[in-house]
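Protein sequences, first through last, are from chains A and B. If you count the first sequence from 1, position 54 lands on 128 in this note's numbering, and the numbers rise without skipping. If you count the second sequence from 1, position 199 lands on 273 in this note's numbering, and the numbers rise without skipping. Where a beta carbon is used, it is the ideal one built from N, C-alpha and C, also for glycine.
Protein chains: 2
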Amino acid sequence: MPTSTVENYVKNIYTEQLASHPRPVPMGRIASLLNVVPGTATTMVKSLAASGLVTYKPRVGVHLTERGEKLALTMLRKHRLVEVFLVKIMGYDWSEIHDDAERLEHAVSEKMLDSMDRLCGYPEFDPHGDPIPSASGKVAIRSLRSLNTCTVGALVVVARLLNQETTFLQFANAQGLKPGTHLTITQRIPSADALSLKLENTGQVVVLGSKVAESILVEDLEGHHQPLADADR
Amino acid sequence: MPTSTVENYVKNIYTEQLASHPRPVPMGRIASLLNVVPGTATTMVKSLAASGLVTYKPRVGVHLTERGEKLALTMLRKHRLVEVFLVKIMGYDWSEIHDDAERLEHAVSEKMLDSMDRLCGYPEFDPHGDPIPSASGKVAIRSLRSLNTCTVGALVVVARLLNQETTFLQFANAQGLKPGTHLTITQRIPSADALSLKLENTGQVVVLGSKVAESILVEDLEGHHQPLADADR
DNA sequence: CTTCCTCTTTAGCCTTTTCAAAACTTTCAT
DNA sequence: ATGAAAGTTTTGAAAAGGCTAAAGAGGAAG
């Protein structure tokens with residue numbers, strides 16, 4: 075059985091690999107994701123390579139092997155299912171689930187996972203809008219766009235929050251911006267690098283910096299479909 | 075924060091201390107409870123003593139300090155509350171909760187524990203009938219007697235199973251012997267060292283060896299109250 | 001009062017995971 | 001092309017837990 079340290083390395087390499095795509099994941103990235111000094115990452119990655127979870131090219135970077143990817147998907151499934159469970163069953167607020175999920179994901183058995191899945195109604199997405207891999211390792215793909223790429227006047231629904239930091243999540247939560255929220259882009263203020271939105275249900279107006287808007291992914295609600303940039307992978 | 079290894083040592087020393095009472099817990103006992111060689115137990119106990127969780131007299135044994143006892147009660151509370159949770163919320167059978175509880179107890183936060191407590195209706199006993207320490211560390215005391223000490227004809231209710239082994243639990247479960255089961259002692263067969271019982275609700279007759287009967291604690295249902303031996307602490 | 005036998009401790013090693021600091025490689029700009 | 005900056009790897013050490021094997025202590029039994 076892999077230790078929880080190994081599980082964390084593999085999970086983080088997986089999500090990073092999605093972003094850095096054909097290029098391998100560099101050591102520095104791994105070190106900072108896992109909050110260790112670079113030397114530690116080198117040592118660990120060599121041992122991951124020795125157990126056949128990654129391929130490692132010195133001074134270049136890391137790629138998950140098939141086995142590594144499978145383990146990563148299992149961990150992602152556990153993590154995200156635990157998150158849903160904490161919100162739907164345990165009564166957590168969706169902005170405060172991350173830390174507990176991070177610990178629990180290493181302690182839940184397959185049996186426990188099945189129970190959680192059933193109790194939550196076999197969800198496809200976690201409370202941040204991240205897709206939950208199926209037991210067989212399949213991940214639902216949606217074509218979402220960043221709020222940043224939307225034209226003024228567009229009616230969209232929030233689908234996914236990319237930034238998992240507690241402070242960001244609490245901010246988004248306080249503004250009423252969570253997956254499922256319908257909103258219209260009312261104004262773009264280039265001088266302030268900002269975006270103004272109106273929430274459909276409450277009518278509340280929210281102004282966001284483009285940095286924030288970038289990590290909020292939405293889905294178009296009307297037949298607009300004007301492509302401004304690529305926000306997918 | 076204590077590691078889960080430390081948590082396990084302290085928890086096991088606590089329950090063992092209840093049994094060996096005024097005498098300190100010997101090293102050999104600790105080693106076998108934790109499935110390690112004696113030398114390992116010695117090393118760990120010395121480090122527990124250094125962190126102020128136990129007092130250790132070489133070649134004699136170990137006693138929990140106040141701090142150690144507090145930690146032990148916290149772990150016992152976590153373990154037993156998790157067990158209730160697995161049965162009442164997650165749909166586990168009460169005979170198969172031990173292993174998962176053993177892993178989860180080290181991963182649940184205070185917040186999670188509170189949620190579980192609320193969801194389960196603030197239970198006082200776990201599915202085996204073991205008392206759940208309160209958040210402040212108080213343990214409910216019941217005066218129970220072993221099934222072995224009951225007279226023929228007595229009507230009793232099963233209150234607690236002392237043996238936590240899966241095989242024993244599955245056997246008890248299959249026989250319908252779980253906390254809450256009402257039964258009458260119908261016969262005592264000294265030649266076979268056995269005891270015959272009739273379950274009140276199903277009418278099923280069960281024959282137990284005295285070894286098994288010893289680890290089943292019951293509560294008298296009628297005003298019989300004939301003390302045969304001591305089964306408390 | 002020795003001699004065993006049992007239990008406990010010591011000693012020496014191993015594995016994981018981490019850190020700090022030194023020693024490279026690459027890359028990039030001049 | 002060269003020399004510094006940036007990113008990586010090595011080296012040496014430490015903490016936590018565990019094991020094996022040898023050595024010690026103490027009580028029971030002759």
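| Query | Result |
| --- | --- |
| Test: H299 (chain B) CB closer than 7 Å to a CB of chain A | Only weak support is given to the placement of H299 (chain B): the predicted model assigns it a pLDDT of 48, under 50, and the value that follows is read from those uncertain coordinates. It does not: the Cβ of H299 (chain B) has no partner Cβ on chain A nearer than 7 Å. |
| Supposed close pair S189 (chain B), L243 (chain B) - CB separation, criterion 8 Å | In fact, because the Cβ distance is near 26 Å, the residues do not count as touching under 8 Å. |
| 7 Å Cβ cutoff met for E293 (chain A) and L218 (chain A) | yes |
| C-beta neighbour in chain B for A181 (chain A), strict 7 Å | yes |
| C-beta atoms of V99 (chain A) and Q91 (chain A) nearer than 7 Å | yes |
| The segment 171-183 of chain B in contact with the segment 100-120 of chain B per 3-pair CB rule at 8 Å | no |
| Sequence ranges, alpha helix (DSSP H) only - wholly within the segment 180-246 of chain B, length at least 4 | 184-193 |
| Listed by chain order, chain A residues near R177 (chain B) by CB distance under 7 Å | A181 |
| Cβ-based contacts, 9 Å cut-off: residues of the segment 182-212 of chain B near chain A | V182, S183, K185, M186, S189, M190, R192, L193 |
| T116 (chain B), DSSP secondary structure in three states | helix |
| Identity of the residue in A:Q238, A:N86, A:K131 nearest H172 (chain A) by Cα | A:Q238 |
| Within chain A, partners of M75 (chain B) - CB distance below 9 Å | Going along chain A, no residue has its Cβ under 9 Å from M75 (chain B), so there is no contact; the nearest lies around 11 Å. |
| Length-filtered (3 minimum) beta strand (DSSP E) runs lying within the segment 100-153 of chain A | 128-131, 135-138 |
| Amino acids of chain B, ordered along the chain, whose beta-carbon sits closer than 9 Å to that of D174 (chain A) | A181, V182, S183, K185, M186 |
| The segment 118-129 of chain B / the segment 154-161 of chain B touching (three or more Cβ pairs under 8 Å) | no |
| Endpoints, the alpha helix (DSSP H) within which T79 (chain A) is located | 78-93 |
| Contact with chain A by M149 (chain B), beta-carbon distance below 7 Å | no |
| Min CB distance E164 (chain B) to chain A below 7 Å | Per the sequence shown, residue 164 (chain B) should be read as Met rather than Glu. Closer than 7 Å to some Cβ of chain A, the Cβ of M164 (chain B) qualifies, so yes. |
| From A:L236, A:L271, A:P207, residue whose alpha carbon lies closest to that of A228 (chain A) | A:L271 |
| Bridge partner(s) assigned by DSSP for Q34 (chain B) | Here chain B has residues from 75 to 307 only, and residue 34 (chain B) is not among them. |
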